[in-house]
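Chemist: One structure is given below, represented as structure tokens, and several questions about it will come after.
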Amino acid sequence: MPFRVGGAVPPGLQTAGAYSWRILVVLGVVAVFVFLVVQFKYIVIPFMIAILVAALLVPLVQSLTRRRWPRWLAIVVVMAAAIAIVAGLVFVVIAQIRSGFPDLQTRSLTAYEEFKNFLATSPLRLTDAQINTYVTEAIAAVQKDSQVLISGVLSVGSTAGHVLAGLLLTLFATVFILIDGAGIWKWIVRLFPRTARAAVDGSGHAGWLTLTTFVRVQIFVAAVDAIGIGLGAWIVGLVFGGFPLVIPIAIAVFLGSFIPVVGAVLTGSLAVFVALVYLGPMPALIMSGVVLLVHQVENHVLQPLVMGTAVKVHPLAVVFAVAAGSFIAGIPGALFAVPIIAVLNVMVNYIARAEWRTNPRSRTEEELPHA
């Protein structure tokens, strides 16, 4: 029927209107959810960290319980081992940085003066005033661009009290998930209407399986990045007369690699800086090549083959998820963006395909902390 003023609305416009108001409702719900997360960030961030840690520790606890360990003993041993490993890494980093920082500071000032002399005698003929102006502008630009990331770090806790409270919340949440994760999930499922519980329950178990796989694979990818850059720095040191702070750099790369795509490069730039200050431009250039090589291996081998299988999300979506997460919540947002997208993708696909009707999940103990 042709369109007439005051007549029936064309079918195409009806369809567009139906989609439009539904999309607006979904966006409104997402906006409200994000607003609540931001308002309760001191609770949400420790809880999400606890979920990631529990996804790593649950398989270890279940492995011990299958060997007839008492469950409480398995939880205590696994938690104590995890805390000891983290504390050991932090102690090594602090000790090495404290011992090497004075020399690094001195060499950095010397390298800066040499660089200024090079610019002054080069064809550019820059004066000290011009160099100082450029340096000030560069520092201001970096501070401006990193403001979002810094605010994200401060969102975890701007005082020692916030940091301590967040740490305690993370520990308590992790312990309770290990003890009775299945009970917590059953309570959440009972909040939904009875007709929707099977779908929610099945999608939750599918999402948990994806999360545990993601955490294990991400640790493997981070270890490869850390070993690659750390080994490269050690080899450069053998050739050019010693490379300091190799262990702290490798640990920093390992932790930074939990932010996909950009984490290894950003933390690997520390190795380039140390090589430039201690060894000179040529070793720094070689070190930058090592960092880029490791980054290419991660992007073209590990991410598509290993991470792609675990996350089931296109690499382009991963890049935009990390960018959006860092823009919204800084470093915590970049850290949680990919696992959130991966879990939501699996859960939505599970519900959309109605898998709980045709393929009921098998209740194995691997699916949740305590099934």
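Residue numbers (this note's numbering): 984 to 1354. A virtual CB, placed ideally from N, CA and C, is assigned to each residue, including glycine. A quick note: this is a predicted structure, and the numbers were derived from the prediction, not measured.
#1: Return yes when the Cβ of residue 1236 is within less than 8 Å of the Cβ of residue 1250, no when it is not.
#2: Taking the alpha carbon of residue 1298 as the reference point, which residue from 1324, 1274 and 1341 has its own alpha carbon closest?
#3: Since residue 1250 is in the alpha helix (DSSP H), which residue starts that stretch and which ends it?
#4: Is there contact here, the segment 1276-1287 with the segment 1203-1210, by at least three beta-carbon pairs under 8 Å?
#5: What are the boundary residues of the alpha helix (DSSP H) that residue 1178 is part of?
#6: Between the C-alpha atoms of residue 1044 and residue 1341, what's the straight-line distance to the nearest angstrom?
#7: Distance, Cα to Cα, residue 1318 vs residue 1169?
#8: How close, in whole Å, do the beta carbons of residue 1065 and residue 1047 come, if the pair is a contact with beta carbons under 8 Å?
#9: At the level of alpha carbons, what is the spacing between residue 1258 and residue 1027?
#10: In whole angstroms, what separates the C-alpha of residue 1160 from that of residue 1218?
#11: Which residues in the same chain as residue 1336 place their Cβ atom closer than 6 Å to its Cβ, once the five residues preceding and following it in sequence are excluded?
#12: Quick one: is residue 1000 buried, meaning 16 or more other Cβ sit within 10 Å of its Cβ, or exposed?
#13: Buried or exposed for residue 1035, going by 16 or more other Cβ atoms inside 10 Å?
#14: Let me confirm a value: residue 1240 is counted as buried when at least 16 other C-beta atoms fall within 10 Å, else exposed. Which label applies?
#15: Could you tell me the distance, in whole angstroms, from the CA atom of residue 1339 to the CA atom of residue 1055?
#16: Reducing DSSP to helix, strand and coil, say where residue 991 ends up.
#17: Run through the segment 1021-1068 for me and flag every whole beta strand (DSSP E) of 3 or more residues, listed as ranges in chain order.
#18: According to DSSP, is residue 1334 helix, strand or coil?
#19: With a threshold of 16 other CB atoms inside 10 Å of the CB of residue 1215, please say whether the residue is buried or exposed.
#20: Using only alpha-carbon positions, find the residue among 1310, 1220 and 1234 that is nearest to residue 1267.
#21: With a CB to CB cut of under 7 Å and the five nearest residues on each side skipped, what residues in its chain are close to residue 1032?
#22: Can you tell me whether residue 1228 is helix, strand or coil according to DSSP?
#23: Can you list, in chain order, the residues of its chain whose CB lies under 7 Å from that of residue 1254, leaving out five sequence neighbours each side?
#24: Kindly list the residues whose CB is nearer than 8 Å to the CB of residue 1418, restricted to its own chain and excluding five residues on each side of it in sequence; keep chain order.
#25: Measure the alpha-carbon distance for residue 992 versus residue 998 and round it to whole angstroms.
#26: Leaving aside the five residues before and after residue 1106 along the sequence, list all residues of the same chain whose C-beta is less than 7 Å from its C-beta, in chain order.
#27: Quick one, are the C-beta atoms of residue 1037 and residue 1157 less than 8 Å apart?
#28: Is residue 1084 helix, strand or coil by DSSP?
#29: Which same chain residues end up closer than 7 Å to residue 1131 when comparing Cβ atoms and leaving out the 5 residues on each side of it in sequence?
#30: To the nearest angstrom, report how far apart residue 1199 and residue 1174 are at their CA atoms.
#31: Within 10 angstroms of its Cβ, does residue 1095 collect 16 or more other Cβ (buried), or is it exposed?
#32: Only counting the same chain, and skipping five residues up and downstream in sequence, which positions put a Cβ closer than 6 Å to that of residue 1030?
#33: What are the boundary residues of the alpha helix (DSSP H) that includes residue 1271?
#34: Exposed or buried, residue 1057, counting other C-beta atoms within 10 Å across all chains shown (16 or more means buried)?
Modeler: The short version:
#1: yes
#2: 1324
#3: 1246-1261
#4: yes
#5: Element bounds for residue 1178: n/a, residue is neither H nor E.
#6: 31 Å
#7: 27 Å
#8: Between residue 1047 and residue 1065 the Cβ distance is about 13 Å, and since that is not below 8 Å, they are no contact.
#9: 39 Å
#10: 43 Å
#11: none
#12: exposed
#13: buried
#14: buried
#15: 33 Å
#16: coil
#17: none
#18: helix
#19: buried
#20: 1220
#21: 1153
#22: coil
#23: 1212, 1216, 1232, 1270 and 1274
#24: For the chain, the structure presents residues 984 to 1354; residue 1418 sits outside this window and is missing.
#25: 10 Å
#26: none
#27: yes
#28: helix
#29: Residue confidence is low: residue 1131 scores 48 on pLDDT, short of 50, so the model does not pin down where it sits. Its coordinate-derived value is still stated next. Hits under 7 Å: 1309, 1310 and 1313.
#30: 30 Å
#31: exposed
#32: 1156
#33: 1264-1280
#34: buried
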